[in-house]
Amino acid sequence: MLKHECQQVASQTLYETVAGRIAYLVEEGTLRPGERVPSIRSLSKQLGVSINTVKEAYSHLEDRRLIEARPQSGYYVRARLPDLPDEPVVDEPALRPTEVSLGKVYRMVMKDQLNPGLVPFGLAIPDPELLPIDKLNRMLSSASRRARTQAVSYALPPGSEKLRTQIARRALSCGCTFSPDEVLITSGCVEAVVLALRVLSRPGDTILVETPIYFNFLQQIEDLGLKTLEIPASSRDGISLDALGYALEHTQDRIAACLVISNFNNPLGGQVPDENKRRLVELLEQYQVPLIEDDIYGDLSFADKRPVVAKAYDRSGNVLLCSSFSKTLAPGYRVGWIAAGRYQEQIERAKMLANVATATPTQLAIAEFLSTGGYDHHLRTIRRVYARQVAQMADAIGRYFPVDTRVTRPLGGFILWVEMPQQISAMKLYEQARQVGITFAPGPLFSASGKYQNCIRLNAAFWRDEIDGAVATLGRLAQEQLR
Numbered sequence: 001m002l003k004h005e006c007q008q009v010a011s012q013t014l015y016e017t018v019a020g021r022i023a024y025l026v027e028e029g030t031l032r033p034g035e036r037v038p039s040i041r042s043l044s045k046q047l048g049v050s051i052n053t054v055k056e057a058y059s060h061l062e063d064r065r066l067i068e069a070r071p072q073s074g075y076y077v078r079a080r081l082p083d084l085p086d087e088p089v090v091d092e093p094a095l096r097p098t099e100v101s102l103g104k105v106y107r108m109v110m111k112d113q114l115n116p117g118l119v120p121f122g123l124a125i126p127d128p129e130l131l132p133i134d135k136l137n138r139m140l141s142s143a144s145r146r147a148r149t150q151a152v153s154y155a156l157p158p159g160s161e162k163l164r165t166q167i168a169r170r171a172l173s174c175g176c177t178f179s180p181d182e183v184l185i186t187s188g189c190v191e192a193v194v195l196a197l198r199v200l201s202r203p204g205d206t207i208l209v210e211t212p213i214y215f216n217f218l219q220q221i222e223d224l225g226l227k228t229l230e231i232p233a234s235s236r237d238g239i240s241l242d243a244l245g246y247a248l249e250h251t252q253d254r255i256a257a258c259l260v261i262s263n264f265n266n267p268l269g270g271q272v273p274d275e276n277k278r279r280l281v282e283l284l285e286q287y288q289v290p291l292i293e294d295d296i297y298g299d300l301s302f303a304d305k306r307p308v309v310a311k312a313y314d315r316s317g318n319v320l321l322c323s324s325f326s327k328t329l330a331p332g333y334r335v336g337w338i339a340a341g342r343y344q345e346q347i348e349r350a351k352m353l354a355n356v357a358t359a360t361p362t363q364l365a366i367a368e369f370l371s372t373g374g375y376d377h378h379l380r381t382i383r384r385v386y387a388r389q390v391a392q393m394a395d396a397i398g399r400y401f402p403v404d405t406r407v408t409r410p411l412g413g414f415i416l417w418v419e420m421p422q423q424i425s426a427m428k429l430y431e432q433a434r435q436v437g438i439t440f441a442p443g444p445l446f447s448a449s450g451k452y453q454n455c456i457r458l459n460a461a462f463w464r465d466e467i468d469g470a471v472a473t474l475g476r477l478a479q480e481q482l483r
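In our numbering, the protein residues as written are 1 to 483.
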């Protein structure tokens, strides 16, 4: 019995002995980063100690940063790397908009992602091996047979009614209530965001963006002849509301919209706290600036409950909520959607002019998958997988990268933002990594003004134990730069 064992170790309390046992399993690798430790109740029963003793033990292990609690999910082994500190709040952020020009680097990185000979740490895409490919293919086939003529016809805006109905039903889980008629189907989330930008802006306008932000959005802003005003964001709190308020009050340029990824931001992986989402919506409404909200990663929360969106606090139709099934189900299906509030009619017209309609068969297949409950079952599985893989990749970074390297600790999604010592050049590291068969997304891509020269974004969706060696190689190349 554990109690008898503890009597032999007089210097330890009972909870310390329990904590010591779990710590030993972690340190020996029996319990690996990202894996769930025994529940409080099961460990209490297994060791013959009280529930309060196990709670104290787990609290002690949290203080030692060996495990971490995930809301409504339990306790998990924590990766060993320190997380990124909060971004400092800038009292007076830069107010001069930036012309976006990332073309050459963007094209090079995108081209490399298509090379099957490179380890794919670059693009933020799911591993196809983790997707329900066979089920989706069967549904694609059966839906096309049942809706024989519909499957080869245009699903004109707003798109498949069956799919829009399923999306509207699921919106309750993220705090929203809207009808199928308030949803427009798009060709992926990027098209949803681009349609919003086209409707809300004209060439020369300024778009407020959190920084760092997904580089494809910066490319779209550039192609539309717009400028960006970067607002600092942190992995814990999201976009700085103080800096945003200052910019709204003092910027002289015409601000057409604010673009934010509210849940599990790309690339930081951060989640805007609910109270901050509410304040963000109210602040932008005060200045009559529309909010384009990307929630493409919201369904990939590591907790059992997915987070609400900023649009849940929208009372005037000022928030345009964009999402898709590209990160969760099928990137190649190119099925996204937008709930554009008071701009819905304009967005539908822009969609019609852009490409008439989104492909019908893939809409029907995803609608079927949603209606049968297959999507929720798939999410429960893939959330656990990504939580484990993100933690294991972060742990590998901690083992191989230079001292003082930091990494985000996302609560959802599958990407990590890595901040290396200032002396290390992400672009030089990229060139060296390509030569040894590895690709990633260098930090400067995520800023219109050339920030994040010592940062990189890594994709953990393809994590395997054998890929550990590729992380070790990146770490070695980074170490060599320091020398």
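Using N, Cα and C, we set each Cβ at its ideal position, and we do this for glycine too.
May I have the straight-line CA-CA distance separating residue i from residue j, to the nearest angstrom?
i	j	result
Ala340	Leu364	22 Å
Ala387	Phe121	17 Å
Gly373	Arg169	12 Å
Ile255	His378	40 Å
Ile456	Pro444	8 Å
Pro290	Ser187	22 Å
Gly398	Ala391	11 Å
Phe215	Tyr106	8 Å
Leu268	Ser234	8 Å
Phe440	Ser447	16 Å
Phe488	Asn137	Not covered by the structure: residue 488. The range shown for the chain is 1 to 483.
Leu300	Ile167	16 Å
Ala350	Leu411	35 Å
Val199	Gln346	7 Å
Thr53	Gln72	20 Å
Gln271	Arg380	19 Å
Gly317	Arg41	46 Å
Pro88	Asp242	Reliability of the predicted coordinates at Pro88 is poor, the pLDDT of 41 falling under 50, and no value is obtained from them.
Val90	Pro232	Any answer about Val90 is weak, because its pLDDT of 42 lies below 50 and its placement is not dependable; what the coordinates show is given next. Computed Cα separation, rounded: 8 Å.
Ala124	Arg70	23 Å
Gln7	Lys55	Only weak support is given to the placement of Gln7: the predicted model assigns it a pLDDT of 43, under 50, and the value that follows is read from those uncertain coordinates. Approximately 20 Å, taken between the alpha carbons.
Ser50	Ser44	6 Å
Name the residue from the options whose alpha carbon lies nearest to the alpha carbon of residue i.
i	options	result
Leu140	Leu329, Arg476, Tyr400 and Val119	Leu329
Pro212	Phe440, Arg202 and Gly238	Gly238
His60	Phe178, Glu16 and Pro33	Glu16
Leu257	Ala247, Ile438, Gln113 and Ala460	Leu is not the amino acid found at residue 257; the sequence shown has Ala there. Answer by Cα proximity: Ala247.
Ala359	Thr13, Arg334, Ile382 and Leu370	Arg334
Ile424	Arg476, Ala470 and Ala394	Arg476
Lys162	Gly437, Ser371, Gln46 and Tyr430	Ser371
Cys322	Ile261, Ile207, Ile231 and Lys45	Ile261
Pro126	Gly450, Arg383, Pro421 and Gln252	Arg383
Ile292	Asp314, Thr177 and Thr30	Asp314
Gln505	Pro203, Asp468, Glu27 and Val18	There is no way to answer for residue 505, as the model of the chain reaches only from 1 to 483.
Ala460	Val418, Thr405, Ala426 and Asn454	Val418
Ala196	Arg434, His250, Arg164 and Asp294	Asp294
Gln422	Lys277, Ile221 and Thr405	Thr405
Val281	Val319, Pro132, Leu130 and Phe302	Val319
Taking residue i as part of the beta strand (DSSP E), name the residues at either end of that continuous run.
i	result
Asn459	Cys455 to Asn459
Ile67	Ile67 to Arg70
Gly336	Gly336 to Ala339
Leu130	That residue, Leu130, is in no beta strand (DSSP E); it is neither H nor E in DSSP.
Thr186	Leu184 to Thr186
Between which two residues does the alpha helix (DSSP H) holding residue i run?
i	result
Tyr75	Careful: Tyr75 lies outside any alpha helix (DSSP H), inside the beta strand (DSSP E) at Gly74 to Val77.
Thr362	Thr360 to Ser371
Leu136	Ile133 to Arg146
Lys351	Gln344 to Asn355
Leu156	Taken as a continuous stretch (DSSP letters only), Leu156 belongs to no alpha helix (DSSP H), as it is neither H nor E.
Ile167	Glu161 to Arg170
Leu329	Taken as a continuous stretch (DSSP letters only), Leu329 belongs to no alpha helix (DSSP H), as it is neither H nor E.
Asp242	Leu241 to His250
In the DSSP output, what is residue i paired with across the bridge?
i	result
Asn263	Gln271
Glu293	Val260 and Leu321
Thr473	For Thr473, which the question treats as bridged, DSSP gives no partner whatsoever.
Ile255	Thr206
Val119	Ile438
Ala196	Note: Ala196 sits in no beta bridge, so no partner.
Ala233	Ile239
Thr211	Pro232
Ser301	Gly412
Do residue i and the ligand MG come close, with the Cβ less than 6 Å from some heavy atom?
i	result
Asp404	By its list of ligands, the structure shown contains no ligand whatsoever, and the ligand MG lies outside what it can speak to.
If we cut at 7 Å on Cβ distances, does residue i have a partner in chain C?
i	result
Gly298	Among the protein chains of the structure shown there is no chain C, as only one such chain exists.
Please give me, in chain order, every unbroken run of the alpha helix (DSSP H) with length at least 4 that falls completely inside the region 393-466.
Listed in chain order, they are 426-435.
Let me know the beta strand (DSSP E) ranges lying completely inside the region 24-55, each 3 residues or longer, listed in chain order.
The region 24-55 contains no complete beta strand (DSSP E) run of 3 or more residues.
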